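Q: Position one of the sequence shown corresponds to residue 12 (our numbering), numbered consecutively onward. Just so you know, even glycine gets a beta-carbon here, dropped at the ideal spot from N, CA and C. What you are looking at is a predicted structure, and each value in this text was computed from that prediction instead of being measured.
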Amino acid sequence: MKTLNAVYSSLSVRRRYEVWFIRFGLAEGGGAWWFRYLLMNPGRGGCISNPLGMPVQVWATWFPAQGTPESFIQGFPLDELRLSARNQSPFHFAIADNTIDEGSCRGRLKVRGHEISWDLRYASTFQVTLSSKGWIGFSRTPHSDTTFSGHIILDGQKIEGQPLGFGLQGHNCGYRHRNFWTWAHAYFLRPGASPSTFEALVYDMPFGLVFRKAVLWHEDEQHVFRSLSDIAKDRQDLQWSFRCCTRDGSELRASIDGRGPGIHRLPYLKTDCSGNFDVANNSLANATLLFQRRGGVSEKLETLGGAVLEMGGQS
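1) Can you give me the start and stop residues for the beta strand (DSSP E) that P53 sits inside?
2) Report the residue from S261, G260, V235 and I267 whose alpha carbon sits nearest the alpha carbon of I242.
3) Relative to the alpha-carbon of E81, which residue among L277, K311 and G286 has its alpha-carbon at the smallest distance?
4) Using only the alpha-carbon positions, how far apart do N292 and S23 sit?
5) Name the DSSP bridge partner or partners of L131?
6) Which same chain residues, not among the five before or five after G36, have their C-beta less than 8 Å away from its C-beta?
7) Helix, strand or coil for M12? Go by DSSP, reduced to three states.
8) So Y198 is in the beta strand (DSSP E); what residue range does that whole segment cover?
9) Rounded to whole angstroms, what's the CA-CA distance from F288 to P153? Just pull it up for me.
10) Taking the runs of the beta strand (DSSP E) that are 3 residues or longer, which of them lie wholly in the region 185–271?
11) What is the DSSP secondary structure of L89, reduced to helix, strand or coil?
12) May I ask you to verify whether the region 133–142 touches the region 100–111, counting CB pairs closer than 8 Å and requiring at least 3?
13) Looking at H196: is its Cβ nearer than 8 Å to the Cβ of V319?
14) Got a sec? Which residues, its chain only, sit under 6 Å from Y214 by beta carbon, not counting five neighbours each side?
15) Run through DSSP, which three-state label would I274 get?
16) In this structure, how does DSSP classify G145 when only helix, strand and coil are distinguished?
17) What does a CB cutoff of less than 7 Å around F253 pick up in its chain, not counting 5 residues either side in sequence?
18) Exposed or buried, Q247, counting other C-beta atoms within 10 Å across all chains shown (16 or more means buried)?
19) Counting C-beta neighbours from all protein chains within 10 Å, is the total for V308 16 or more, i.e. buried, or is it exposed?
20) Helix or strand or just coil, what does DSSP make of K169?
21) Can you give me the Cβ contacts of L94 inside the same chain, cut-off strictly under 8 Å, excluding the 5 residues immediately before and after it?
22) Could you check what DSSP says for D156 in three-state terms: helix, strand or coil?
23) Spatial neighbours of E171 within its chain, please: CB distance less than 8 Å, with the 5 preceding and 5 following residues excluded, ordered by chain position.
24) So is the beta-carbon of W192 under 7 Å away from any non-hydrogen atom of the ligand NAD?
25) Tell me the DSSP secondary structure of K311 in three-state form.
26) Whole angstroms are fine: how far does the CA of Y28 sit from the CA of R55?
27) Please classify G185 as buried or exposed, where buried requires at least 16 neighbouring CB atoms within 10 angstroms.
28) Taking 6 Å as the limit between beta carbons, can you name the residues of its chain near L200, skipping five residues before and five after?
29) Can you tell me the Cβ-Cβ gap for I111 and F83, rounded? I've got them flagged as a contact below 8 Å.
30) Does the distance from the C-beta atom of S155 to that of W228 stay below 8 Å?
31) Going by DSSP in three states, F102 sits in which element: helix, strand or coil?
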């Protein structure tokens with residue numbers, strides 16, 4: 012059976028990125044981690060004129076609760092990649108000491124005098140396809156309400172736990188990156204009840220159209236919101252608030268706050284190899300939702316540091 016992690020790209024394709032990623036906040040509150048396993052332009056060997064353009068890359072980004080985020084990125088040649096067949100399951104991606112599959116991931120990077128290694132397992136109860144536009148691209152979340160266990164070692168300092176943290180595992184792909192996008196995911200721990208998650212995505216489409224969608228997983232029920240209206244958006248300080256509603260009349264107001272020293276700006280390479288553009292991400296964002304079912308009372312969901320907010324391009 013095909014899963015949301017199944018490989019889409021052919022290794023002969025000359026212009027395309029495909030990425031499997033993980034974001035989670037540590038259960039003990041010390042920070043958050045972001046791992047990316049990236050395949051880019053495999054049919055042309057990445058962007059060979061750019062030192063950051065290797066066709067296979069593994070990224071690790073540490074967002075400390077007190078301090079400045081830092082990324083560690085290592086590139087690899089395509090002939091070392093071991094990848095599952097297109098549209099087949101089970102999925103796996105492996106390069107050197109770095110692997111990711113349906114329920115686990117491992118890695119080991121040595122970058123700029125630092126050494127990072129990780130060995131993680133994860134499980135969830137909810138998955139969702141947020142956007143699917145064929146060859147243009149897609150945004151999938153194979154694990155949305157994800158619990159992570161295992162360990163991470165950064166420069167000899169080890170942290171481990173059962174659980175280690177909470178977040179998501181995602182899978183994105185596209186012919187190119189969009190001209191602009193705003194994306195958020197929030198994980199809400201609820202004592203005595205199953206966790207809730209919320210994910211929202213806005214990006215440009217051809218002919219001046221804009222894709223907008225949000226999904227709330229709450230009390231083991233999915234709520235899909237397609238009518239998103241911004242209340243406020245600040246790309247410099249990473250803040251986003253909006254209201255939305257479902258077809259059956261449920262309403263939601265969301266506020267994602269990524270202000271502060273946790274904002275991390277990284278250059279992403281364009282798939283046509285013409286240059287870079289900046290992407291801002293805070294994986295220790297705060298989130299507040301006010302959710303009202305049709306004819307029901309309003310419920311409040313809130314997390315401090317349990318959300319991620321990302322903005323790319325210009326709107």
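A: On the basis of the coordinates in this document:
1) Here P53 belongs to no beta strand (DSSP E), and DSSP marks it neither H nor E.
2) I267
3) L277
4) 31 Å
5) C116 and G161
6) Result list for G36: G42, A43, G176, F177, G178, Y198, S294, L295, G316 and G317, in chain order.
7) Since pLDDT at M12 reaches only 45, below the 50 mark, its modelled position is unreliable, and no value is offered.
8) F191 to F199
9) About 27 Å.
10) Qualifying beta strand (DSSP E) stretches, in chain order: 191–199, 207–215, 221–229, 232–236, 238–245, 250–256 and 262–268.
11) helix
12) no
13) A Cβ-Cβ contact shorter than 8 Å links H196 with V319.
14) R189, W192 and F222
15) Three-state result, I274: coil.
16) Here G145 sits in helix by DSSP.
17) For F253, where only same-chain residues beyond five positions count, the Cβ hits under 7 Å are L239, S240, D241, I242 and A265.
18) Under this definition Q247 is an exposed residue.
19) Its Cβ having fewer than 16 others within 10 Å, V308 is exposed.
20) strand
21) V18, L22, L50, H103, F104 and A105
22) strand
23) Counting only Cβ-Cβ distances below 8 Å, and skipping sequence neighbours, we find G161, H162 and I163.
24) This structure lacks the ligand NAD; in fact it carries no ligand of any kind.
25) strand
26) Cα to Cα, R55 sits roughly 12 Å from Y28.
27) buried
28) P206
29) The pair is not a contact, with the Cβ atoms about 16 Å apart (cut-off 8 Å).
30) yes
31) coil
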